[in-house]
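Participant:
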Amino acid sequence: MAEKDAYEKALEDLMAGLSEPAPKKAEEEEKEKKSAAPSASSRDAVGEKMSQVDEMAADLEQLLSSASLTEHVEAAKAEEEAKLAEEKMEMEDMETALASALAAPAEPVTAATFDEIEEAWEEPETQVAPVPGEPIAVAPADITTLYQAPAKPGVEEVVVVEPEKLSEKRKRFYAKTSLGIAAAALLSFLFFTYLIQPSLRAYYYHLLVSAVKEKRYADADQHLLKSETFGMTKEKFMKLSDIALENKDIPHSLGFARKAFEIAPVYVHALNRIARIYILQGRIDEAENNAKNTLVIDPDNLEALTLLATAYYKKQDIPKAQRRIADVLARDRNYVPALELSRDIYIDLKNYSQALTLQHQLTEVKKDIPEAQKLLDLGKIYYSDEKFSAAEGYLKQAFEKDPTLWEAGYFLAKSQIGLGKYYLAGEQITRTLKEAPSPTLDMYHLRAVSNYELGNIRTAIEELQRIRVINPKYAPLYVLMGKIFVHTYGEYEAGLKYLEQARTLKFEDKDFFRTLGEAYFRLRRHREALEAWKPLLANIAPTDPFLFRVSACLIHLKQMELAETILLNMQSKGSRATAIQNNRGVIYELLGNRDQALRFYFKATQIAVTQGRKDSAVPKKNFDRLISKQGDLDVDLSVMLQP
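Straight run, no breaks: the sequence shown in the numbering used here ends on number 797.
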């Protein structure tokens, strides 16, 4: 009964509402105020409202004819509860799936994954059920035909998402991915540059240093290529040059110094090292140029000044060398390399007292000088003073104390040659060549001299030819070649050509002057022979057999008094009596004093026979000729004179 009353009351309210005019909205009232007469669209709206009222009335009548209102309410309530329970179960399933996904390890992103993601962006999500009360986003397959899905129960409106919005999302995704890849690449580059590359550089350089120290040069070349790949500095190359020099490996030391120079062409340390090695190799002109280049960069560089002075000294330009040494000592009076070079120059100038003074100064400056080096320096001074016996004693001690001191072995061999010990000199220079860090041309030349004096002429010539291939401007080889052609082969013109070549190279030592004069003498160019011998006369011993040649030239030039003075001086010093008496006989024969000439020829022959000498043939022939021909002087003087 109560339900019926409530229903009737609701019906009355509904009918009352239908009989009253519907309230107008503010916007419609405003439109009506603006427009005096209703428009056609307003009439259509009223007609639509009236049709809706008719439909509602029909539905109401159907409701009244069906079950009671309570049953409808309870059914609606049950339906709502079932729907809520279903949604709750779906939420629980989603939470379970989310927990499982978070617990599982992340799968790597691959190219296929990127393709799937890109396809997902391109396909519209049409399989997801719409949520009541929320807009649904549908991406059209074709931009030109936008499609709006038909309305479904519980859905108020359908929102179409424009393709531009999807493009923006894709751009953000690609931007984040590209940024990640770039960051990874940058981190990899930094890791390699600051961690891996320095480690590899240090590792290969360590292998390179070890290979050079152990003289494993095949391995060193491979490690050098790898070290250069990861970067090398000029200081590292100079350290390798130092190691090679300590190992007495001059070629590799030069190679590493050149590498440092290629990195830094103004690196004076590398330039000086190259110049020093050139001097050791006998490449004096190149050493001079390198030293001058260093002085252009650093005019006050003491090492470069000393190296330039050494180059001048090696070229026998003593005044220039002394001026450079003076420049060095003016800056540092105790600079050891300059003091050593100055001592050697004074030895060459035969100022041995000054050389010894400098040697004592060096000993004071170099407190830690080895004993072997002290003996070597003293031996060199005595050798230069032609005191070969004393020099041999000092140098032999030096070489015994330090067999690696190759310079001691070199000067010991030269002293033994001065003493006529050619076989010992040959053995000594062979040992020295093995100990020398880089055998110099002077050493090979000394071995050639030893072979020449021992009569091994072919071996000596082969040695000289090898020297000429290495350095065709090495002047001493031309002097020895001249001696071989003049004294061994008797080819005086050919010998003169070699000697003139040595003179062109500004090399003139005792052997040069002696051999040059001998060649002129044999060619009967006596005046030129005397000119060649003149530099030797000031420092020649009065008993030197070489003076016989000089007296013979004077006799040929009719300078009898001077020739006899030389012979008398030689006789007083106990020189060869037979040759002196014979040559004095030639002088008197040329002066027309036949009787006095016969007396000297006879005396020379008598001395030779009495002493059992084999040089009596020349004076006896002169005596027989003068007796038989009664003073016929139309005879070759070279036959009459006894050398």
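We put the CB at the ideal spot given by N, CA and C, even for glycine.
Whole-angstrom Cβ separation of Y628 and F639, contact assumed at under 8 Å?
Facilitator: The residue labelled residue 628 in the question sits at position 474 within the sequence shown. The residue labelled residue 639 in the question sits at position 485 within the sequence shown. That pair is no contact at about 18 Å.
Participant: Less than 8 Å between the CB atoms is what I'm expecting for A567 and L600, so what's the real figure, rounded?
Facilitator: On the sequence shown, position 413 is the one that residue 567 refers to. On the sequence shown, position 446 is the one that residue 600 refers to. Indeed, because the Cβ distance is near 6 Å, the residues count as touching under 8 Å.
Participant: For L97, collect the residues of the same chain with a Cβ closer than 7 Å to its Cβ; drop the 5 residues on either side in sequence, then sort them by chain order.
Facilitator: This structure leaves residue 97 out entirely; the chain is present only between 155 and 797.
Participant: Please report the straight-line C-alpha distance between Y467 and P491, rounded to a whole angstrom.
Facilitator: Working through the sequence shown from its first residue, we reach residue 467 at position 313. Working through the sequence shown from its first residue, we reach residue 491 at position 337. When rounded, the distance between both Cα atoms is 13 Å.
Participant: Mapping DSSP to helix, strand and coil, what is L744?
Facilitator: Locating residue 744 in the sequence shown gives position 590, where the first residue counts as 1. In this structure, L744 counts as helix in the three-state DSSP scheme.
Participant: Leaving aside the five residues before and after G580 along the sequence, list all residues of the same chain whose C-beta is less than 6 Å from its C-beta, in chain order.
Facilitator: Along the sequence shown, one-based indexing puts residue 580 at 426. The answer, listed in chain order, is S604.
Participant: Let me check understanding here. Comparing Cα to Cα, which of G746, L745 and A731 lies closest to F756?
Facilitator: For the purposes of this step, residue 756 is identified with residue 602 of the sequence shown, where counting begins at 1. The shortest Cα separation from F756 among G746, L745 and A731 belongs to A731.
Participant: Spatial neighbours of H680 within its chain, please: C-beta separation below 6 Å, excluding the five flanking residues on both sides.
Facilitator: Here residue 680 refers to the residue found at position 526 when the sequence shown is read from its first residue. Cβ neighbours of H680 beyond the five flanking positions: C707, H710 and L711.
Participant: Please classify P593 as buried or exposed, where buried requires at least 16 other C-beta atoms within 10 Å of its C-beta.
Facilitator: In the sequence shown, the residue the question calls residue 593 occupies position 439. It is buried - the Cβ of P593 has at least 16 other Cβ atoms within 10 Å.
Participant: Taking the beta carbon of K588 as the centre, do at least 16 other beta carbons fall within 10 Å, making it buried, or is it exposed?
Facilitator: Stepping through the sequence shown from its first residue, residue 588 is reached at position 434. K588 comes out exposed.
Participant: Would DSSP call E540 helix, strand or coil?
Facilitator: Residue mapping note: residue 540 aligns to position 386 of the sequence shown, counting from 1. Three-state result, E540: coil.
Participant: Suppose only complete runs of 4+ residues qualify. What are the alpha helix (DSSP H) ranges in the segment 649-683, listed by chain order?
Facilitator: Complete alpha helix (DSSP H) runs here, min 4: 664-676.
Participant: Helix or strand or just coil, what does DSSP make of I290?
Facilitator: Here residue 290 refers to the residue found at position 136 of the sequence shown. Here the model assigns I290 a pLDDT of 49, short of 50, so the residue's position is not dependable and the matter cannot be decided.
Participant: Inspect the CB distances between the segment 641-648 and the segment 616-624 and report whether three or more fall short of 8 Å.
Facilitator: No: the two stretches stay apart, fewer than three of their Cβ pairs being nearer than 8 Å.
Participant: I'd like the span of the alpha helix (DSSP H) that includes G409, first residue to last.
Facilitator: Here residue 409 is taken as the residue at index 255 of the sequence shown, counted from 1. From DSSP, the alpha helix (DSSP H) with G409 extends over I404 to I417.
Participant: G636 to L456, Cα distance in whole Å?
Facilitator: As a first step, residue 636 must be located in the sequence shown, where it is residue number 482. As a first step, residue 456 must be located in the sequence shown, where it is residue number 302. Taking the straight line from one Cα to the other gives about 40 Å.
Participant: Out of R738, L650, K660 and A656, which one is the CA nearest neighbour of R676?
Facilitator: Within the sequence shown, numbered from 1, the residue matching residue 676 stands at position 522. Closest option to R676, Cα to Cα, is L650.
Participant: For T759, tell me which candidate among V363, L744 and N776 has the shortest Cα-Cα distance.
Facilitator: Locating residue 759 in the sequence shown gives position 605, counting from the first residue. Measuring from the Cα of T759, the nearest candidate turns out to be N776.
Participant: Here's the rule: buried if 16 or more other CB atoms are within 10 angstroms of the residue's CB, otherwise exposed. What is Y577?
Facilitator: Position 423 of the sequence shown holds residue 577. Exposed.
Participant: Taking A562 as the reference, which of G533, G572 and K469 has the closest Cα?
Facilitator: Counting from 1 along the sequence shown, the entry for residue 562 is found at position 408. A562 has its Cα closest to that of G533, out of G533, G572 and K469.
Participant: Just to confirm, is the Cβ distance from I451 to A475 under 8 Å?
Facilitator: If you number the sequence shown from 1, residue 451 lands on position 297. If you number the sequence shown from 1, residue 475 lands on position 321. No. Outside cutoff.
Participant: Can you grab the Cα-Cα spacing for the pair D296 / R326, in whole Å?
Facilitator: Taking the first residue of the sequence shown as 1, we reach residue 296 at position 142. Taking the first residue of the sequence shown as 1, we reach residue 326 at position 172. Confidence in D296 is poor, its pLDDT being 47 and thus under 50, which makes the residue's placement too unreliable to answer from.
Participant: Using a Cβ-Cβ cutoff of less than 8 Å, which residues in the same chain neighbour I472 once the five nearest sequence positions on both sides are dropped?
Facilitator: In the sequence shown, counting from the first residue as 1, residue 472 sits at position 318. So the qualifying residues of the chain are Y466, I499, D502 and L503.
Participant: Hey, could you find the ends of the alpha helix (DSSP H) T594 is sitting in?
Facilitator: Residue mapping note: residue 594 aligns to position 440 of the sequence shown, counting from 1. Unbroken run through T594: none, as it is neither H nor E.
Participant: Taking the alpha carbon of I781 as the reference point, which residue from A762, Q765 and E743 has its own alpha carbon closest?
Facilitator: Indexing the sequence shown from 1 puts residue 781 at position 627. Among A762, Q765 and E743, the Cα nearest to that of I781 belongs to E743.
Participant: Are there 16 or more other CB atoms within 10 angstroms of the CB of I335, so buried, or fewer, so exposed?
Facilitator: Position 181 of the sequence shown, counted from the start, is the residue given in the question as residue 335. Its Cβ having fewer than 16 others within 10 Å, I335 is exposed.
Participant: Compute the beta-carbon to beta-carbon distance between G671 and A686, rounded to the nearest angstrom, for a pair I have assumed lies under 8 Å.
Facilitator: For this step, residue 671 is matched to residue 517 along the sequence shown. For this step, residue 686 is matched to residue 532 along the sequence shown. Their Cβ separation, rounded to whole angstroms, is 4 Å, which keeps G671 and A686 in contact under 8 Å.
Participant: Per DSSP, what kind of secondary structure is I734 in: helix, strand or coil?
Facilitator: Taking the first residue of the sequence shown as position 1, residue 734 is located at position 580. Helix at I734.
Participant: Between the Cα of I535 and the Cα atoms of S569, E518, K520 and P557, which residue gives the shortest distance?
Facilitator: Within the sequence shown, the letter at position 381 stands for residue 535. Nearest C-alpha to I535: S569.
Participant: Got a sec? Which residues, its chain only, sit under 6 Å from Y432 by beta carbon, not counting five neighbours each side?
Facilitator: Locating residue 432 in the sequence shown gives position 278, where the first residue counts as 1. Taken in chain order, the residues that qualify are E440 and A441.
Participant: Can we say the segment 535-548 touches the segment 503-519, given the rule of at least three CB pairs closer than 8 Å?
Facilitator: As far as the Cβ criterion goes, the segment 535-548 touches the segment 503-519, which means the pair count is three or higher.
Participant: Could you name the residues of the same chain whose beta carbon sits closer than 6 Å to that of I417, not counting the 5 residues immediately before and after it, in chain order?
Facilitator: Position 263 of the sequence shown, counting from 1, holds the residue named residue 417. Around I417: K388.
Participant: Here's the rule: buried if 16 or more other CB atoms are within 10 angstroms of the residue's CB, otherwise exposed. What is I611?
Facilitator: The residue given as residue 611 occupies position 457 in the sequence shown. So I611 ends up on the exposed side.
Participant: Using CA coordinates, which residue listed in A526, E525 and T464 is at the minimum distance from R497?
Facilitator: Locating residue 497 in the sequence shown gives position 343, counting from the first residue. It is T464 whose Cα lies nearest to the Cα of R497.
Participant: To the nearest angstrom, how far is it from the Cα of V633 to the Cα of M386?
Facilitator: Along the sequence shown, one-based indexing puts residue 633 at 479. Along the sequence shown, one-based indexing puts residue 386 at 232. One C-alpha to the other measures close to 47 Å.
Participant: Grab me the residues of K660's own chain with a C-beta within less than 7 Å of its C-beta, minus the 5 sequence neighbours each way, in chain order.
Facilitator: Residue numbering aside, residue 660 sits at position 506 when the sequence shown is read from its first letter. K469 and Q470, listed in sequence order.
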